[in-house]
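The structure appears right after this line, and notes come after that.
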Amino acid sequence: MTPLNYFVVLSAVLFVIGVAGVLLRRNVIVMFMSIELMLNAVNLAFVAFGRQLGNAEGQVIVFFAITVAAAEAAVGLGIIIAVFRNRMTLNADELKLLRW
Amino acid sequence: MTQQFWPLGLIPLLPLGGVLFALFGGRRGGRRAVNVVAPGVVGLAFAVSVWSLARLVSLPAGGALRFAAWRWIAAGPFHVEMALRFDALTAIMCLVVTGVGALIHVYSVGYMGHDEDYARFFTYMNLFTASMLILVLADNLVVMFVGWEGVGLCSYLLIAFWYTNPEYAYNGRKAFIVNRVGDAGFLLGIFTIVYALARGGVWTVTFAGMSHQAALLQPYATAAALLLFLGATGKSAQIPLYVWLPDAMVGPTPVSALIHAATMVTAGVYMVTRLGFLFTLAPAALTVVAVVGAVTAFFAATIAMVQTDIKRVLAYSTISQIGYMMLGAGVGAFSAGIFHLMTHAFFKALLFLCAGAIIHELDGEQEMGRMGGLRGSMPITWLTMLTAALAISGIPPFAGYFSKDQILEATFASGHPTLWLIGVITAGLTAFYIFRLIILTFYGESRVEPSKAAHLHDAPAVMTVPLIVLALLSVGGGWVGLPRGFLWGEAFNRFLAPVVIPPGAELATPGSGLALVMIAIPIVGVAAAVVCYAQMPGLPVLVAYKARLLDSLLRHKYYVDELYNAVIARPLFWVAAYVLHRGVDGAVIDGLVNGTGLTLLEGGEELRRTESGNVQHYALLYLCGALGIGAYYLYRVVIR
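Keeping their order, the protein sequence lines are chains H and E. Read left to right, the first sequence gives residues 134 to 233 (the numbering used here). Read left to right, the second sequence gives residues 271 to 910 (the numbering used here).
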């Protein structure tokens, strides 16, 4: 059986890639995809721990997370489209109306 | 023996009722009502005082009446009652304050007859009378202090009565501030006494209680007595705090008569006498009292000789006469001091009221250079003022002779020949300056402005009747204290003896050389004044020219005001303006307040720049926060 360490390290690497994507990329769609990546890194950790402990709860929570992620994707993409229609750009540096 | 006697409470309450009436009903009730009520309440207080006196003499010698209204201050073992006490000393003070006070109130009805602010005037006058009565009736030092402060306040209010004149308002403030210096001394004196007694476990401030604690008071007596005497010099206008009294003359003349001559300024003498048991424990302090009194008497008399303003002559004369009273108290002859206080109240009030009648008639003219020859047009004023002048000069058998003679004899008998000599010379100067005033005002050619000269006449009866009554008292007031061996000899001293510390030395018998000197000196003074101002009018001018330096020194009142201004007032103003106003208030306090606001304002201005609007900045901060919380729990759970 593949040791737990492999899954956890992969999950952590994926999560950090997601964080870096959110913080460093300027395109809102890419940032949005990075968020999805972080969510799925966490899902991976849940499944791995659930399997290791012989417990089904980890998998149950993953289903919930996937459901929420689907809803979030729909809402998020809707917002992105609305923003693009109004501002004709998806560069995060230019979307800062709420500043001092 | 002390007897409870509730009507004592009425004595100060009656004038207080007058205050309420004049204050709230004065304008609505009209001038006529105030004119009846204000003198009326003082007259009633006089009647109650007489009633109390009648009750007092029915008690065995040394008795007192007492009225405790309520317990005022209670702090652990220390408690103060709002209580009044009426013994022989208080009786004399009460009768003088209410008797002379009532006469002056009646006179004021005429004097203030044309003033719009009559209600305010009588409010202050009644308030003053009430405060003075609380002062003299007080059963303990704290209640006395209430009256002490009350009379100071009323004095200020009445000096600055015509407050629209900035100079008058300034003089009022000057009197108040100078008095505060003395009051601080008085207060510290009270604290010293309380401290001294509390060390021995005795908690009392009543005069009766304190007088039995000589052993406890002894170590602190000198300090306490000197501090209290500082208070007395402020209220009684003695060196070094006399400077306010001459300037107080800008108040209405009845005020000068009542407050700045007859009653309030004698409060210091009364206080020293009341606390005689303390002062006799401190011979050094008593000597200070005597020396200050004698020097003040002489010093003020010399200034009075060259003043040209009629009220200022009388003001310096008052300072000088109170100096005599202090001298009497200082040599241990307390009852002689109080005797002079009483006779002085009669003749000095009379002098002021006569001066007021003249000033009133001449539409506010106070310069003696523009008077003269008033004898014919104002005969009653002339006769009464002449009586007062004879009384203050000390010509027998007028009142001033007996009291001044007693003080000087006691001074000599107590072994202070130098002070006695100063007193005798001052008696000559007194006769000189007061007859200078009389001659310049009533005799010689009229120098009155022609526009005013035509219709001169005596004041109306409401003003002249008090003059006549006071003139009778100035003649006969001294007879209660005839020298020993004459008729009821020394009746006054015997009446006071149970409550006043007896003099250390026996008085000389009359008829001795001393007594002859005492009669001769004032006559010389009067003769000198007649020669200088009636017979040879050129002489004073010549003398003034020959002794230019001395003349200028006297005219400028020894430059004391200038000295005080340079040494005390100016530096204080400088400190107030530059250190306190600009430094402490402007830089420190305003700086703190404004600085707090500015710091928040500018800090906020800087902080708002963190709100960049860039979602990635927020995400980074969020991450830092999350990592921080994670690190914290990691530290708590895993490592420890």
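In this text, a Cβ means the ideal position worked out from N, Cα and C, and glycines have one as well.
- For E:Ser401, the closest alpha carbon among the candidates E:Ala478, E:Val475, E:Gln488, E:Leu286 is that of E:Leu286.
- Among the residues facing chain E, H:Ala225 is included, as its CB has a counterpart in that chain under 8 Å away.
- For E:Asn449, the closest of E:Gly380, E:Gly313, E:Ile509 by C-alpha to C-alpha distance is E:Ile509.
- Measuring C-alpha to C-alpha distances from E:Asp385 to each of E:Leu423, E:Thr462, E:Asn305 identifies E:Asn305 as the nearest.
- Partner residues in a beta bridge of E:Phe765, as assigned by DSSP, do not exist.
- Look at H:Arg158 here: in three-state DSSP terms it is coil, with no helix or strand label.
- Per the C-alpha coordinates, the member of E:Gly646, E:Ala493, E:Val694, E:Phe617 positioned closest to E:Phe568 is E:Val694.
- If you look at E:Phe337, you'll find it in the beta strand (DSSP E) that goes 334-345.
- For E:Met519, there is no enclosing alpha helix (DSSP H), as DSSP gives it neither H nor E.
- Inter-residue distance for E:His826 and E:Ile573 is about 8 Å (C-alpha atoms, whole angstroms).
- A contact is defined here as three or more CB-CB pairs under 8 Å, and the region 495-509 of chain E fails this definition with respect to the region 353-369 of chain E.
- Chain order gives no chain H residues near E:Leu897, where near means a beta carbon separation below 9 Å; the closest approach is about 10 Å.
- E:His349 sits in a strand when the DSSP states are folded into three classes.
- E:Asn449 carries a helical assignment under DSSP once its states are collapsed to helix, strand and coil.
- The beta carbon of E:Ile791 is closer than 7 Å to those of Val694, Ala697, Gly698 in its chain, skipping five residues each way along the sequence.
- For H:Val155, at least one C-beta of chain E is nearer than 8 Å to its own C-beta.
- CA-CA distance, E:Ala669 to E:Ala495, rounds to 31 Å.
- Look at the beta carbons and you see the region 370-390 of chain E not touching the region 409-417 of chain E: under three pairs across the two are nearer than 8 Å.
- Interface annotation, E:Gly883: in contact with chain H, CB-CB separation under 8 Å.
- Taking C-beta separations shorter than 7 Å and ignoring five residues to either side along the sequence, the partners of E:Ile592 in its chain run Ser506, Ala507, Gln508, Val535, Thr536, Val539, following chain order.
- Between the region 165-176 of chain H and the region 136-148 of chain H, the count of C-beta pairs closer than 8 Å reaches three or more; the two stretches touch.
- Annotated three-state conformation of H:Asn219 is helix, per DSSP.
- Distance between E:Ser587 and E:Leu707, taken at the CA atoms: about 11 Å.
- Counted as a single uninterrupted DSSP element, the beta strand (DSSP E) harbouring E:Gln273 occupies residues 272-274.
- Contact of H:Leu231 with chain E by beta-carbon distance below 8 Å involves Glu881, Gly883.
- Contact between E:Ala701 and E:Ser663 holds: their C-beta atoms lie close to 4 Å from each other, under 8 Å.
- For H:Val152, the residues of chain E that pass the 7 Å Cβ criterion are Leu893, in the order they occur in the chain.
- Annotation: Cβ neighbours of E:Ala889 in chain H (cutoff 9 Å, chain order): Val152, Val155, Leu156, Met164.
- Spatial neighbours of E:Leu862 in its own chain (CB-CB distance under 6 Å, excluding positions within 5 residues in sequence) are not present.
- Cβ atoms of E:His610 and E:Ile677 come within 8 Å of each other, at about 6 Å.
- E:Asn435 sits in coil when the DSSP states are folded into three classes, being neither helix nor strand.
- Collapsing the DSSP output to three states places E:Ala430 in coil.
- Burial check for E:Asp675: the Cβ neighbour count within 10 Å reaches 16 or more, so the residue is buried.
- Contact between E:Ala532 and E:Ala661 does not hold, since the beta-carbon distance rounds to 13 Å and is not under 8 Å.
- Shortest Cα-Cα distance from E:Thr613 to any of E:Ser481, E:Trp749, E:Ser721 involves E:Trp749.
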